[in-house]
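Q: The sequence shown begins at 10 in the numbering used here and counts up one residue at a time. Structure in structure tokens, see below.
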Amino acid sequence: MNTSHGPDTKLIRALLKDQHPDLAALDIHPPVRGWDNELWRLGGQLALRLPRTDRAPELIRKEHRWLPELAVQLPLPVPTPLRLGEPSVLFPQPWTIVKWLKGEPADRTPLSPARGDHAADTLAAFLRALHQPAPTTAPSNPYRTAPLDTLTEAFERQVREFADDVPPGVRAVWEDSVAAPGPQGPPVWLHCDLHPANAVVTDDALSGVLDFGELCAGDPAIDLAAAWMLLPNGRAPRFFTAYANADDAMVRRARGRAILHSLALIGIGRAGDRGLPGGKVTWGHAGRAALSRVVADG
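As structure tokens, then:
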């Protein structure tokens, strides 16, 4: 089948008939394009994910291997892989069928300040459940888990590039984060990409977490950056109280991670403002808001 112009409904139906015929009669909804995958909703409960980047097939197989085991212990819904589609003459890469999560991503519908305490408690419970010691066979993610002091060059480059969006005080918070003692405990399971576009909001509340493609083992501070990435102003202290397992050094490292995540979102947002491929305007708004929160709490 010719897919030179991108997947279409005919291809999705053919894939289902070929490998999962019991699902082939489900309604197929127009796709949503994520960073690495294209998501086709199937009926009301499922979605089919097709890779759209070179690295996506590896991430799909990683999620299919690990996420079902982790999902059973998590207190929020996640897009648990249910079935795997293998490469074929119809489509040359693996694909997967996952649970569909209803709601809106938080970069489009930020969490409501009126329910900020509830969001802080919900996020803390989710990460506390996820952050269990990871096995030695857990996937690694060398760049995402690199020590902060090895990322100063990237920080400096982005601060120069995005100077108009960098509030006073960012450098001081960054330097304090870099100076914080490193992790002392064993590596734990990490989402490792917990920013607003990967959080689902329903009725102003945090209702799910998306995209575990960066799943790996490492320092919990990497995920704890979500205290500023996701939550409304001033809710980080409540979040850390509810999380209960973060010492001062971990909180300081988490601030540094939040700065890096925020700058990355700002860069993608600027690309969106210019209409460039891969750019997402809403990510820029989310990144600037998060950076302001980090500095205010730093």
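Where is the CB? At the ideal position from N, CA and C, for every residue including glycine.
Starting from A208, follow the beta strand (DSSP E) in both directions and report where the run begins and ends.
A: Residues 208-211.
Q: Is the Cβ-Cβ distance between G265 and W198 less than 8 Å?
A: Going by C-beta atoms, G265 is not nearer than 8 Å to W198.
Q: So does the stretch 118-132 actually touch the stretch 231-249, counting three or more Cβ pairs closer than 8 Å?
A: With the cut-off at 8 Å, the stretch 118-132 and the stretch 231-249 touch.
Q: Just tell me which of T145, A189, D36 has its CA closest to the CA of L55.
A: Taking only the C-alpha atoms, the option nearest L55 is D36.
Q: Which residues in the same chain have their Cβ closer than 8 Å to the Cβ of Y252, if we skip the five residues on either side of it in sequence?
A: Around Y252: A133, L136, R137, L233.
Q: Mapping the DSSP letters down to three states, classify E184 as helix, strand or coil.
A: Residue state, collapsed to three classes: helix.
Q: Who are K108's beta bridge partners in DSSP?
A: BP columns for K108 point to L55.
Q: What's the gap between the Cα of S13 and the Cα of L20?
A: At S13 the pLDDT is 45, less than 50, meaning the model places this residue with poor confidence; the figure from the coordinates comes in the next sentence. When rounded, the distance between both Cα atoms is 12 Å.
Q: Have a look at the DSSP bridge pairing and note the partners of E67.
A: Paired residue(s): none; E67 is not in a bridge.
Q: Could you work out which residue in G227, A267, A23 is closest to F164 when comparing CA atoms only?
A: The residue with the shortest Cα to Cα distance from F164 is A267.
Q: Under DSSP, the beta strand (DSSP E) around R264 begins and ends at which residues?
A: Counting along the chain, R264 falls outside any beta strand (DSSP E), though it belongs to the alpha helix (DSSP H) covering 257-282.
Q: Please go through the same chain and pick out, in chain order, the residues whose beta-carbon is closer than 8 Å to the beta-carbon of D126, but skip the five residues on each side of it.
A: Hits under 8 Å: R244, R247.
Q: Per the contact definition of three or more C-beta pairs closer than 8 Å, is the stretch 218-226 in contact with the stretch 92-102?
A: Cβ pair count under 8 Å is below three, so no.
Q: Any idea what DSSP makes of P122, helix, strand or coil?
A: If DSSP states are grouped into helix, strand and coil, P122 belongs with the helices.
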